[in-house]
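One line per chain: the protein sequences are A and B, in this order. Numbering-wise (UniProt numbering), the first sequence opens with residue 1 and increments by one. Numbering-wise (UniProt numbering), the second sequence opens with residue 1 and increments by one. Report on the structure given below.
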Amino acid sequence: MAKTYDYLFKLLLIGDSGVGKTCVLFRFSEDAFNTTFISTIGIDFKIRTIDLDGKKIKLQIWDTAGQERFRTITTAYYRGAMGIMLVYDITNEKSFENIKNWIRNIEENASADVEKMLLGNKCELEEKRQVSKERGEQLAIEYGIKFIETSAKASIRVEEAFFTLARDIKAKMEKKLEASNPPKGGHQLRTSEPQKKPTSWLSRCTLL
Amino acid sequence: MMDLGITNSSRGRPSRFVCPNDRQLALRGKLKTGWSVKTESFEDFNSSPAAPISCLGEDEQRAIVNVIQRAEKLDLTEQERVGKLVDRLENMRRSALGKGPNQCLLCGDSFGLLGPQRVRCQDCGRWACQRCVIDKSAHKSSCASKDYYLCMICAESREIWKKSGAWFFKSLPKYILPNDSRFKRTRSVRVSSKKYRDDESSSEDEPKTHHIWTRIRRNSYTESTHDIPDLGSLASHTSRQPSSNDIQLSKELEPLRNYMGSINLASSNASWDDFIDRRPEDGAETSRPTSIASSWPWTDTRSLEEKCLHSPSTSSMKSTAESYDQRSNMTDTSLGIIELSLNYNQGNNVLHCTVYRAKNLIPMDISGLSDPFCKLNILPNAKVSTRLRTKTIHKTRNPEFNENLAFYDISEEDLSTKSLHVLVVDDDRYGHDYMGEVRVKLAKLRVQNTIYLTVPLQNLRSEQTGPLPAPELNQWFDFDLWSRGQILLSLCYSTKKRALLVTVKKCANLLPMDNNGFSDPFVKLQLKPDPYHRKHKTTVKWKNLNPVYNEEFAFETRPTELYLQSLYITVYDKDYGKSNDYLGGLILGGSGSKGQRLKHWLDMIRYPDHRHDQWHNLTEDVLD
């Protein structure tokens, strides 16, 4: 039997081919790194349960293929995601420019209130850098999302990135539910109550 | 591997114009980049590959299917987890004791000076004691200004929304309740349909696989909030499928395709409607109308009765007590049993019949009780002198009659040819309802003077099939129950018209009232209580004892009021120059009627927009 957990969050990694989505995920889930490049076939996912403010959160992180030919399969998984990591390669200008296309893809396919995050990967290759940190930050501000530069190889801020995203999702959830207005269309008890009240009021009226 | 975007353009296929949907247009409008500028790379980016499956190698396809299967397994455990949560909440709700504002919603403790202090739940607005609420104001610093409590039930349902992910997807995902039989049933249905599809398209691999990917594509554009969770039961399919170990790719893809085929059927919530809709696919399941009927508390027994009626063994009666006991073990006692003793006095040709009691009779009125009495008769050739009845025992299903009834003038030959007929009837002001009957051959009395019987009641006539019982049963009838004839009515509550539609279809076996041996019947309908005092009348069918009307009348009313209203149906013989003769009447309604009439009425309320046809007996009691 699997470990018990409180919440299940579904995350998604997208970005151009070769930016290191699989490696980031591999680092996060197994704390390991593989230098050989193996292109992801279609989709894959990894599980990791993290502890956040005393709650066990199971993260199901979907890793997608960046290649165009898998696009139909990967887009099918956008809608189920609660959080999406947009990954680009700081040594690859093109991958950064494509981020806005990925954002557009998200807007077209994912849920409207999905939590997003921008990840500039391979930050250990400072000498090959093509995209400055400022440009990344600028883009993140433009879209109103968080930005972190990571390195899967050197294990820089990968954990932090996932924890930040999970925390944001959790905060959003709490904001949604702990607010004074209860969940809409919650359950039978709630929906039936308001109907009862007016009838009793009406019948009282007719009696008078 | 070639990149598909290049493949498309190198083939020189012009990209077909597809009108973007509203969602896309709206989103593009919001984007700062603008959408009128369409670079070639962008076109590549968003162009839909027509058949990507053809570009994927077999290894790749298998890898993807493996991933999907892995995800399915995970989803299944997740569904079970959510199922447990839902079950927990349901249990909580079921065990909530409180009734009214003076009691704690959960534990049922009454509030008061000595009792616990009451607190209002912010979500449902009901009162609970301090032990049964969670103080949310302590947790939250932001709006801690005023007290903020949640009762356990509301707190728990909020937790479910969080834990199941419903907060994000805005509805509870599919879940499997612990030991949920309903889910198993659907699974079996799916399996059967899968087999069918297997047979159907085992030859063509290529279009089949193509199909999967087009399905995936389509799903990515549907508004369903649960594409990934919806991939639900694939794992269950594949794990059960014996061929999943085969290397053949087509076989492995088969469940995916089937699953995708059913994705449109499956709603994100495992709602009951889905199960009902799929019922007809399952051969063993009954069709919808019967499932509607089965919600009535005692229709189960009815269906058993019918079985009992059709089985040949029940029609042949044995008369010894032992054999009856045996039979009572075998045949169903769903209509209840009756205990009686017979004693034949040869000296004065008197047959003494003692009816002791009946047990487990079927309920007839809305409170689940009956007002039974027994009618005893010596058949065939029933005479008025051989017709006896017990007193009515009110409001019980286990009446104690303890009555001795004597039939006089019963010769010894009669014993060999005739039988005693015991009919159990529900007493009602407006007509008597049949509750079962028993026939006992008297031949046994020639051997032994006294016999004791404990026999199950049977249903030898079914009122629903037609106005008259089967001819071979005719001789067993005493007609006074049915002497006024029958009427076929169709009731339907139309939610569109907000009215009760009553169709008077036909009458049968009406009494002749005129000198010519016929009557000139018409039917009057009245809904009571009715603020408008509406009355409806059918046309007069001249010189006809089995008139056919097929006339529809509407009574505008609300469904909630129908429970309190009753439909008065009266049949009159039209006469000129003098008052119309009363032919028979009937009341259908929630408060006034019982048995079949009550069932008919409640069915009409419960299943609006359905026609409910039923024969009813007319009674001689004059209705006001």
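Ideal Cβ positions, reconstructed from N, Cα and C, are used throughout, including at glycine.
With contacts defined as CB atoms closer than 9 angstroms, A/Leu-86 and A/Ile-73 fail to qualify as a contacting pair. Contact of B/Phe-168 with chain A is assigned, a C-beta pair being separated by under 9 angstroms. B/Trp-615 is outside the set of residues whose beta carbon lies under 9 angstroms from a beta carbon in chain A.
In the structure shown, A/Tyr-143 falls within a helical segment according to DSSP collapsed to helix, strand and coil.
CA-to-CA, the gap between A/Gly-66 and A/Ile-14 works out to about 7 angstroms. At a Cβ-Cβ threshold of 9 angstroms, B/Arg-606 and B/Cys-492 do not count as neighbours. The DSSP-derived three-state label of B/Pro-380 is coil. Interface residue (Cβ-Cβ distance to chain B less than 9 angstroms): A/Tyr-88 is not classified as such. Our two residues, B/Ser-519 and B/Ile-362, have alpha carbons roughly 36 angstroms apart in a direct line. B/His-610 sits in coil when the DSSP states are folded into three classes, being neither helix nor strand. Note that the region 527 to 542 of chain B touches the region 553 to 562 of chain B; at least 3 beta-carbon pairs, one per stretch, sit closer than 8 angstroms.
Taking C-beta atoms as the reference points, B/Ala-358 and B/Pro-380 fail to come closer than 9 angstroms.
Under DSSP, the beta-bridge partners assigned to B/Trp-615 are B/Leu-488. The bridge partners DSSP lists for B/His-352 are B/Asn-343 and B/Ala-406. In this chain, the alpha helix (DSSP H) harbouring B/Pro-559 covers 559 to 562. Under the three-state reduction of DSSP, B/Trp-167 is assigned to helix. Between the beta-carbon of B/Asn-349 and that of B/Ile-410 there is about 5 angstroms, and that keeps the pair under the 8 angstroms contact cut. A/Phe-70 and B/Arg-118 have their C-alpha atoms some 59 angstroms from each other.
Around A/Lys-172, the same chain offers Asp-113 and Glu-115 as residues with beta carbons nearer than 8 angstroms, after the five sequence neighbours per side are excluded. Counted as a single uninterrupted DSSP element, the stretch harbouring B/Cys-121 is not any alpha helix (DSSP H), since DSSP gives it neither H nor E. Annotation: A/Val-158 is outside any beta strand (DSSP E); the continuous alpha helix (DSSP H) that includes it extends over 158 to 178. Shown here for B/Leu-488: same chain residues with a beta carbon closer than 6 angstroms to its own, the five before and five after excluded, namely Lys-505, Lys-506 and Trp-615 in chain order. Judged by DSSP in its simplified three-state form, B/Val-424 adopts strand. Inter-residue distance for A/Glu-126 and A/Ser-151 is about 11 angstroms (C-alpha atoms, whole angstroms). Excluding five sequence positions before and after B/Gln-103, the CB atoms of its chain that fall closer than 6 angstroms to its own CB belong to Ser-110, given in chain order. Across the structure, A/Arg-27 and B/Leu-89 are spaced so that their CA atoms are roughly 39 angstroms apart. Judged by DSSP in its simplified three-state form, A/Arg-48 adopts strand. Short of 6 angstroms from the beta carbon of A/Ala-140, and not among the five residues preceding or following it, lie these beta carbons of its own chain, in chain order: Leu-118 and Phe-147. Under the criterion of beta carbons closer than 8 angstroms, B/Arg-93 and B/Ile-153 qualify as touching, at roughly 6 angstroms. Residue pairing from DSSP places B/Ala-508 in a beta bridge opposite B/Gln-486. Chain-order list of chain A residues neighbouring B/Ile-487: empty, with the shortest C-beta distance near 34 angstroms, by a criterion of under 7 angstroms. Chain-ordered, the chain B residues with CB closer than 7 angstroms to the CB of A/Gln-60 read Leu-74. For A/Gly-120, DSSP records a beta bridge to A/Tyr-88 and A/Glu-149. Of all residues in the region 39 to 50 of chain A, only Ile-41, Gly-42, Ile-43, Asp-44, Phe-45 and Ile-47 place a beta-carbon less than 8 angstroms from a beta-carbon of chain B. If you ignore the 5 residues before and after B/Ser-157, its C-beta comes within less than 7 angstroms of the C-beta of Leu-89, all in its own chain and listed in chain order. Annotated three-state conformation of B/Arg-387 is strand, per DSSP.
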